[in-house]
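Asks:
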Amino acid sequence: MASKQVRLTFDGDEVTRPLIYEMGHEFDIVTNIRMADVDKDTGWVVLEIVGQEEEIEKCLIWVQSHGVRVDDATLGDVIEG
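FYI, numbering that gives the first Met the number 0 numbers position 18 of the sequence shown as 17, with every residue one higher than the one before it.
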């Protein structure tokens with residue numbers, strides 16, 4: 000199993016769409032929201048994705064096809080507490 004942390008940035012219609020839920024149903028992955036800031040117009044989520052590396056990559060391509068920006072996020076970007 001592989002694990003990857005990404006930052007998803009979205010706006011417009013994608014703010015209200017349940018994309019993280021859809022990711023878990025479309026692909027054989029497990030998601031864990033590590034940090035987020037979402038309002039009615041825009042938002043971002045730091046998301047940990049666990050699964051086979053190929054499945055994670057397919058999922059991220061799918062997310063980008065819906066107009067969501069995907070950036071790598073390192074563990075240091077997330078403050079736990």
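C-beta: ideal position from N, C-alpha, C; glycine also.
The model shown is predicted, which means the values in this text are computed figures rather than measured ones.
Where do the N-terminal and C-terminal ends of the beta strand (DSSP E) with E81 fall, by residue?
Replies: One cannot answer for residue 81 here, as it falls past the ends of the chain, which runs 0 to 80.
Asks: Do M22 and V62 have their C-beta atoms within less than 9 angstroms of each other?
Replies: yes
Asks: What residue from D27, I19, G11, S2 has the CA that sits closest to K39's CA?
Replies: G11
Asks: I believe F26 touches E52 by the beta-carbon criterion, under 8 angstroms. Please report the beta-carbon distance rounded to the nearest angstrom.
Replies: With 8 angstroms as the limit, F26 and E52 do not qualify as a contact, their Cβ atoms being about 12 angstroms apart.
Asks: Taking just the CA atoms, how far does V49 sit from L18?
Replies: 16 angstroms
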